[in-house]
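>
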Amino acid sequence: MLAVILAFAAVSARAAVLNVTDIQGSSFASPLLNQAVTVQGIVTAKGSQGFYIQSGATDDVRVSSGLHVFSTSATVRNAVNVGDLITVNGKVQEFRSQAQYLTVTELGSPTNITILSSNNTVAPVVLGVDRSPPTQFYTDLDVGAGGFLATPNNASQITVVNPELKPDAFGLDFWESLEGMLVTIKNPVALNFENSFGEFWVRGDYNVTGLNEHGGLTMTGNPDGSPDMNPEAVIIGSPLDGTKSPTTFMGAQFGDITGVVEYTFGFYYILPLTAPTLLNKANPVLPTTVIEKSEDPCILTAGDYNTENMSVNSTHLPTVADQILNNLKAPEIVFLQEIQDDNGATDNGNVSANGTMQKLVDTISALSNNTINYSFIDVVPVNDQDGGEPGGNIRVAYAWLADKVTLVSGTAGGPTDANEVTTDADGLLNLKFNPGRIEPASEFWSASRKPLAAVWEKVGAPGQRFFTINVHFTSKGGSSSDQGDARPPVNGGVDQRAGQVETMANFTKSILALDKDASIVTAGDWNEFVFAPSVFGGVEGVLHDLDEVAKVPAVERYTYAFNANSEQLDHIFISSALADRGAKVDHVHVNTHAVSFKARISDHDPSVYQVNVCKTKTPTPPTPPSEPECAFKTGSYCAAPLPPFTDAKGCLASVGKCFSESIECFTKVPLASTPQCLKFQAQCAKDSLTCATCLTGGKCTGFP
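According to mature numbering (1 follows the signal peptide of the UniProt record, and there is no 0), the sequence shown holds residues -15 to -1, 1 to 689 in order.
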């Protein structure tokens, strides 16, 4: 080791030879950009695109001591071995594979490689011991309400600002400060399935935020209300030695991984020296909802499921049916999204999904031995006008159990019919079209699914109507990388989603204007995080997040896993009246917790929830009147109880009542019963004596 230190010192003494730290500098881009240099360092790793070198570190944590030497030449790569201390000439460059990505500092066109010594070692930076990543923010350029999700998007670019790194505070700065360096991530745990390239995200043995029960990291809120995107997570890339990483799943545990930090494909990676070792297996048992249906006719149990492009011939349709029946326990209403027309992606003008829905409900019925039989309804779209997979004509739809829920009688709307709130002759709220679309001609629904509003009653709770709005807002297509150049990142479709939410919210306001206590549920795929103020500001003060109402822990609020994050794109919002009555919700992770990516049948998890749809408790049937209390009874004749008394006057009145009823007895009973009337009269005479005694003594407190 002394020889290595002396060699570093000797090389550094020559003015023309630089350390890697001189090239990397303390910002994102090199201070020596486009300059020809000679640099020295120890080779730490080799790959198909060159090799990595590392020199002695400085005391400045902003400055990386690692560097990628880029070359596609096998001759250049074969000229060095891991452990060689070398000098090499080249040109400093900032490589960017796409305009939206950050750049990576590299030494290009390497020549004059000189090996000074061999078999040297470089101790990797141990994450969680030597350095730990920040856990909340990506960069201080994500400013404004919403932080990472602030609007307008792309207000600044890192490559333009080239800010000084703050690795103790910001995730992008932290990983940039390690660019090209050898690191070890101890006890890594996978946060999601691997992608199509075999790459997967992990957290290490260091402080994290958003840790959920299954081992993933959930997007939660920072103290300032902005989203915490978990910058402490990092993606494990393809092994540099050409080996293949194992398939993975949320919660998969691995042995320690050592590799180099690199920025590529829009994210900071650790490129492992060799394939990681998987230490555990996934649990093959999928979760089942903890919510049980209630016998109370006021309690609605509903479900929500984005079934991911499901048509008649979809291979996952039987599994969706099985999950609705068994994992969701057959909710009384199911809000469905991404129901395709009967021929799926075949673009032949067909828009009907009756075949798709019929096959779904028939499969559920067969699986339940014909005990669970759903009805269904949707509104067909105009061909190729609702976005999604070309030709698929995806739409939202309802399935419901007619023995539990009734769709209020009415006429379903067409694809261009705009729904309105109406009032029946009996004063109950209704809809012009049941079900019907909300403002289908609005520009906000261009190439996007139109929400479907309906009005219902629970069987056993007549007159207690409730409204549902099934939504699937426009996608995030066109978004930029979370770790890309644009800050805040481009959130594709955000302005359209904001308009869609506002349009939907205005419809709910039209209901509430007629009945402030109306029961309203809007559920589905919102394609947005609740932390986006420009989108969810539209429902503020109108509807309430059911997760908040039900007090679901923040780390368990997810229905989707994307990159590093367990996140929530599917939401259920309810009116104030429903929120005041309390509610339950359970996100059933049948897909995010699948044993493998291939076993997952949709990119969304379904949810089950319960709300009380009755404004007042449903009246109970009247009970038969009880037998009246009688002072004397014979046959059908009943003499009313004598009036109570506490004084002489009351005593006389009671005796008088007794005699009058005994006389009445003779007039109302059959001749055979008159002896009973005589007994009653004799009792009255006895009471008369009691009354006289009472008057004499002055104490009248009722007959003995």
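Here a beta-carbon is modelled for each residue, glycine too, at the ideal position from N, C-alpha and C.
A quick note: this is a predicted structure, and the numbers were derived from the prediction, not measured.
#1: So T243 and N192 are supposed to be a Cβ contact under 8 Å. How far apart are they, rounded?
#2: Am I right that N512 and S460 are in contact with their C-beta atoms under 8 Å? What's the rounded C-beta distance?
#3: Between G222 and L256, which are expected to be in contact by the criterion C-beta below 8 Å, what is the C-beta distance as a whole number of angstroms?
#4: Go ahead and pull the three-state DSSP assignment for P95.
#5: In three-state DSSP terms, what is A1?
#6: When you compare each of L413, T144, Y37 to Q85 by their alpha carbons, which one comes out closest?
#7: May I ask you to list the residues that DSSP assigns as paired with F202?
#8: From A624 to C615, what does the alpha carbon distance come to, in whole angstroms?
#9: Should A338 be labelled buried (16 or more other beta-carbon atoms within 10 Å of its own) or exposed?
#10: What would DSSP say about L345, mapped onto helix, strand or coil?
#11: Skipping 5 residues on each side, what residues in its chain have a beta carbon closer than 7 Å to that of N503?
#12: Leaving aside the five residues before and after V297 along the sequence, list all residues of the same chain whose C-beta is less than 6 Å from its C-beta, in chain order.
#13: How long is the line joining the alpha carbons of A410 and A135, rounded to whole angstroms?
#14: Which of the three DSSP states is assigned to C623 in this structure?
#15: Once the 5 residues before and after residue 690 are set aside, which same chain residues still bring their CB inside 8 Å of it?
#16: What does the alpha-carbon distance come out to for the pair Y254 and F13?
#17: Taking only runs that begin and end inside the region 319 to 369, name each unbroken alpha helix (DSSP H) of 4 or more residues, in chain order.
#18: Distance cutoff 9 Å, beta carbons only. Does C643 sit that close to anything in chain D?
#19: In the DSSP assignment, find the unbroken beta strand (DSSP E) run with V381 in it and report its ends.
#20: Using a 10 Å radius around the Cβ and a threshold of 16 neighbouring Cβ atoms, would you call K501 buried or exposed?
#21: Would you grab the beta carbon distance between I557 and V570 for me? Rounded to a whole angstrom, and I think it's under 8 Å.
#22: Helix, strand or coil, according to DSSP, for L156 in the structure here?
#23: Which one of S33, Q481, A387 has the shortest CA to CA distance from G445?
#24: When we look at the beta-carbon of T233 and count the other beta-carbons within 10 Å, is it buried (16 or more) or exposed?
#25: Quick one: what does DSSP say L264 is sitting in, helix, strand or coil?
#26: Measuring CB to CB, does H574 end up less than 9 Å from H199?
#27: Per DSSP, what are the beta-bridge partners of Y594 in this structure?
#28: Taking the beta carbon of A108 as the centre, do at least 16 other beta carbons fall within 10 Å, making it buried, or is it exposed?
#29: In the structure shown, what three-state DSSP assignment does N404 receive?
#30: What's the C-alpha gap between residue 693 and E533?
#31: Ordered along the chain, which non-local residues of its own chain (more than five positions away) have a Cβ less than 8 Å from that of F651?
#32: Where does V245 sit, in a helix, a strand or coil, going by DSSP?
#33: Roughly how many angstroms lie between the CA atoms of L101 and I71, to the nearest whole one?
#34: I'd like to know if the region 514 to 533 and the region 473 to 488 are in contact, where contact means that at least 3 CB-CB pairs between them fall below 8 Å.
#35: Would you report the Cα separation of G131 and R434, rounded to the nearest angstrom?
#36: Taking the beta strand (DSSP E) that V580 falls in, what are its first and last residues?
In brief:
#1: In fact, because the Cβ distance is near 21 Å, the residues do not count as touching under 8 Å.
#2: About 5 Å; that satisfies the 8 Å criterion.
#3: Yes, they are in contact, since the Cβ atoms of G222 and L256 sit about 5 Å apart, within 8 Å.
#4: Correct three-state label for P95: strand.
#5: Here A1 sits in coil by DSSP.
#6: With distances taken between Cα atoms, Q85 lies closest to T144.
#7: Residue identity differs from the one stated: residue 202 is Leu in this sequence, not Phe. The bridge partners DSSP lists for L202 are L196, N550.
#8: When rounded, the separation of the alpha-carbon atoms in A624 and C615 is 5 Å.
#9: With 16 or more other Cβ atoms within 10 Å, it is buried.
#10: Three-state DSSP puts L345 in a helix.
#11: According to the sequence provided, residue 503 is Ala. The question's Asn does not apply to it. Contacts found: L414, F452, I496, L497, S560, A562.
#12: These residues qualify, in order along the chain: D327, G340, T341, K344.
#13: Near 47 Å, if we compare the C-alpha coordinates of A135 and A410.
#14: In the structure shown, C623 sits in a strand (DSSP, three-state: E or B).
#15: Beyond the ends of the chain as shown, which are -15 and 689, falls residue 690; an answer cannot be given.
#16: Straight-line spacing of the CA atoms in Y254 and F13 works out to 16 Å.
#17: Listed in chain order, they are 339 to 352.
#18: No chain D appears in this structure, which consists of one protein chain only.
#19: Per DSSP, V381 belongs to the beta strand (DSSP E) from 380 to 386.
#20: K501 comes out exposed.
#21: That belief holds up - the Cβ atoms of I557 and V570 are roughly 6 Å apart, short of 8 Å.
#22: Checking the displayed sequence, the identity of residue 156 turns out to be Gly instead of Leu. G156 carries a helical assignment under DSSP once its states are collapsed to helix, strand and coil.
#23: The shortest Cα separation from G445 among S33, Q481, A387 belongs to A387.
#24: The residue in question, T233, is buried, as its Cβ has 16 or more Cβ neighbours within 10 Å.
#25: Correct three-state label for L264: coil.
#26: Between H574 and H199, the C-beta spacing is below 9 Å.
#27: Per DSSP, A287, V570.
#28: Answer is exposed; the Cβ neighbour count stays below 16.
#29: DSSP places N404 in coil when its eight states are reduced to three.
#30: With the chain covering -15 to 689 only, the question about residue 693 has no answer from this structure.
#31: Apart from sequence neighbours up to five positions away, the residues of its chain that approach F651 with a beta-carbon distance below 8 Å are T659, C662, ordered along the chain.
#32: Strand.
#33: So the two alpha carbons sit approximately 5 Å from each other.
#34: Yes, the region 514 to 533 touches the region 473 to 488.
#35: Between G131 and R434, the C-alpha separation is close to 26 Å.
#36: V580 -> no beta strand (DSSP E), and no H or E assigned at all.
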